[in-house]
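When you line the sequence shown up against the UniProt record's numbering, it's residues 1 to 394, in that order.
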Amino acid sequence: MDVEVEESVGREEVPVKPTTRQRAKVDVKGKGSAVAKGEESGYESDNDDIEGRGTKNGKKVYDSDALDEDSASVSEKGKRARTSRSPRKKSKKRDESEGEDSELELEEGQEVVGRVVKAPKEGWASPGMVSKNTLEFLGKLKQKECNDRKWFKLHGTPFSGLLLFPPDGDRMLRLPEPIYRRAEQEWKDFVEAFTDVLAEVDNQIPHLPPKDVIHRIYRDVRFSNDKTPYKKGFSASFSRSGRKGAFAGYHLAVKPGNESLIAAGVWCPGKNELATIRSNLQRNSRRLRDIISSPTFVKYFGKAEPHPSGERQNIFGQEDELKKAPKGVDKDHKDIDLLRCRSYAVAYRFTDEEVMSEGFKEKVGEVVEVMRPFVHCLNDLMTVGFEMSESESA
């Protein structure tokens, strides 16, 4: 196909587009010189050597088929260039997923320090239960060589691959931790299901979301001689204000090795709260003594008296218990055993088999039902100006 362009002086005319595959721009100025934008199209062109140029009836003629041939060759060249780049991208992605047999291009300041362990796909419990996988993961954290950040990272990613670590050893690249996250999600599901049971047993406990009652697995090591960064179990606390606040409540912990427990009461209360409890006990301790001396309470937590050898029994034998009478209290006070306490709490333990059983949350609910009068009594004793009714005194 030929494209004809008429010469004109002092004006410019736009030629007919030669083809839809490749547009050629033709500028007609002055003496009628024509330029095809070869540089922008990816191929070389010259004003004097365009194939197919000629004259016909005093008009300059350009062979657009020649332009198409050039553009086609350019298109094939670009296509080959794009095709040659794609295998490198695919091979790089393939290398990153092949594991130890692949070669990974490391950035400056990075080195390979270990291979992450693939998370198990089976063995997880349905919502409202605790699985063996969770207990096994927590059991590893009881080992000193496993309770560190490097192990936690290597055993907390969902895929087999390489983990990069800066050579200075200060920070590890932040990668997802699905083994821990999967176990944590299972714990959240259990806590949410258990909250329903707890709220039915104790109507003073609000139905809060798991995030308001669950404790983090990361330890605060600033003031501790034990610098292991992770706790060795999952835990959650329930009270009138969730896991925070000065109220007495319940503490549930899942820890492998038959160390799981449900505790109730108030642990190391503040100075003002402790003073209020002691002040109210000096006026009348009958209600608290009746609760901790009841047959059901004794069945779960032991006799309501200090153990002869100082061991834990009922609410007595805590590590922070005073050896002498508190300041301002006669050492021969009739309730001196209660007044020497700094924490008022009891605990009941469960085996690993009980924790993994389908009815574990209901079993915990049964123990909470025994603990409930004790928790309510402590909350009343922490109230300033609390006066016990005649029926309670009787």
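The beta-carbon is built from N, C-alpha and C at its ideal position, and this holds for glycine as well.
No experiment lies behind these values; they were computed from the predicted model shown.
**Message:** Ignoring anything shorter than 3 residues, give me the beta strand (DSSP E) runs that lie fully in the stretch 124–159, in order along the chain.
**Reply:** Runs of the beta strand (DSSP E) inside the stretch 124–159: none found.
**Message:** Strictly by DSSP, which residues pair up with H251?
**Reply:** Against the sequence shown, residue 251 aligns to sequence position 251. Looking at the DSSP output, H251 bridges to S237 and A263.
**Message:** What would DSSP say about F223, mapped onto helix, strand or coil?
**Reply:** Along the sequence shown, one-based indexing puts residue 223 at 223. Three-state DSSP puts F223 in coil, outside helix and strand.
**Request:** Rounded to whole angstroms, what's the CA-CA distance from S260 to G302? Just pull it up for me.
**Result:** By one-based count along the sequence shown, residue 260 stands at place 260. By one-based count along the sequence shown, residue 302 stands at place 302. Going by the C-alpha atoms only, they are around 18 Å apart.
**Message:** Going by DSSP, what residue range makes up the alpha helix (DSSP H) through R312?
**Reply:** Within the sequence shown, numbered from 1, the residue matching residue 312 stands at position 312. Note, R312: premise wrong, no alpha helix (DSSP H); not H, not E.
**Request:** Have a look at D148 and D380 and give me their C-alpha separation to the nearest angstrom.
**Result:** Within the sequence shown, residue 148 is the residue found at index 148, counting from 1. Within the sequence shown, residue 380 is the residue found at index 380, counting from 1. Their Cα atoms are separated by approximately 43 Å.
**Request:** Classify A347 as helix, strand or coil using the three-state DSSP reduction.
**Result:** Mapped onto the sequence shown, residue 347 falls at position 347. It is a strand residue.
**Asked** So, do the stretch 232–240 and the stretch 331–339 have three or more beta carbon pairs nearer to each other than 8 Å?
**Response** The answer is no - the stretch 331–339 does not touch the stretch 232–240, with fewer than three Cβ pairs under 8 Å.
**Item:** I217, DSSP secondary structure in three states
**Value:** Counted from its first residue, the sequence shown places residue 217 at position 217. Three-state DSSP puts I217 in coil, outside helix and strand.
**Request:** Counting only the same chain and skipping the five closest in sequence on each side, list residues whose C-beta sits under 7 Å from that of F247.
**Result:** Within the sequence shown, numbered from 1, the residue matching residue 247 stands at position 247. Excluding residues within five positions, the ones whose Cβ falls inside 7 Å are S239, R240, S241 and N379.
**Item:** Cβ shell of residue 428 (< 7 Å), same chain only, five flanking positions each side left out
**Value:** There is simply no residue 428 to check, as the chain begins at 1 and stops at 394 in what is shown.
**Request:** Please name the residue or residues paired with Y230 in a DSSP beta bridge.
**Result:** Along the sequence shown, read from residue 1 onward, the residue named residue 230 stands at position 230. Y230 pairs with Y218.
**Item:** The alpha helix (DSSP H) enclosing residue 411, as first and last residue numbers
**Value:** Summary: the structure shown does not reach residue 411, with the chain confined to residues 1 through 394, and so no result is reported for it.
**Prompt:** The alpha helix (DSSP H) spanning M356 covers which residue range?
**Reply:** By one-based count along the sequence shown, residue 356 stands at place 356. Note, M356: alpha helix (DSSP H), D352 to M356.
**Message:** Can you look up I291 in the DSSP assignment and give me helix, strand or coil?
**Reply:** Counted from its first residue, the sequence shown places residue 291 at position 291. The three-state secondary structure of I291, taken from DSSP, is helix.
**Item:** C-alpha distance - R278 paired with R349, whole-angstrom precision
**Value:** Counted from its first residue, the sequence shown places residue 278 at position 278. Counted from its first residue, the sequence shown places residue 349 at position 349. Taking the straight line from one Cα to the other gives about 28 Å.
**Prompt:** What residues in its chain sit with their C-beta under 7 Å from that of A72, if we drop five residues either side in the sequence?
**Reply:** Mapped onto the sequence shown, residue 72 falls at position 72. Summary for A72: the model assigns pLDDT 49, below 50, so the residue's position carries little reliability; its value from the coordinates is reported in the next sentence. None.
**Asked** Which term fits H251, buried or exposed, when burial requires 16 or more other beta carbons within 10 angstroms of its beta carbon?
**Response** Here residue 251 is taken as the residue at index 251 of the sequence shown, counted from 1. Buried is the label assigned to H251, since at least 16 other Cβ atoms lie within 10 Å of its Cβ.
**Message:** Determine whether the beta carbon atoms of A263 and A345 lie at a separation below 8 Å.
**Reply:** If you number the sequence shown from 1, residue 263 lands on position 263. If you number the sequence shown from 1, residue 345 lands on position 345. Yes, the Cβ-Cβ distance between A263 and A345 is below 8 Å.
**Asked** In angstroms, rounded to a whole number, what distance separates the CA positions of C377 and F297?
**Response** Walking along the sequence shown from the start, residue 377 turns up at place 377. Walking along the sequence shown from the start, residue 297 turns up at place 297. About 14 Å.
**Prompt:** Just reading off the alpha helix (DSSP H) that P373 is part of, what are its end residues?
**Reply:** Reading the sequence shown from its first residue, position 373 is the one you call residue 373. Annotation: the continuous alpha helix (DSSP H) that includes P373 extends over F360 to L381.
**Item:** Buried or exposed (CB count within 10 angstroms, at least 16 for buried), N203
**Value:** Taking the first residue of the sequence shown as position 1, residue 203 is located at position 203. Burial call: exposed.
**Message:** Can you check which of these residues, N272, R283 and A125, is closest to E186 by C-alpha distance?
**Reply:** Within the sequence shown, numbered from 1, the residue matching residue 186 stands at position 186. It is A125.
**Asked** Going by the CB atoms, is the gap between V191 and V213 shorter than 8 Å?
**Response** Position 213 of the sequence shown holds residue 213. Position 191 of the sequence shown holds residue 191. Yes.
**Asked** Can you give the beta carbon distance from G233 to L138, rounded, assuming they're within the 8 Å contact cut?
**Response** The residue given as residue 233 occupies position 233 in the sequence shown. The residue given as residue 138 occupies position 138 in the sequence shown. At roughly 6 Å, the Cβ-Cβ gap stays under 8 Å, so G233 and L138 are in contact.
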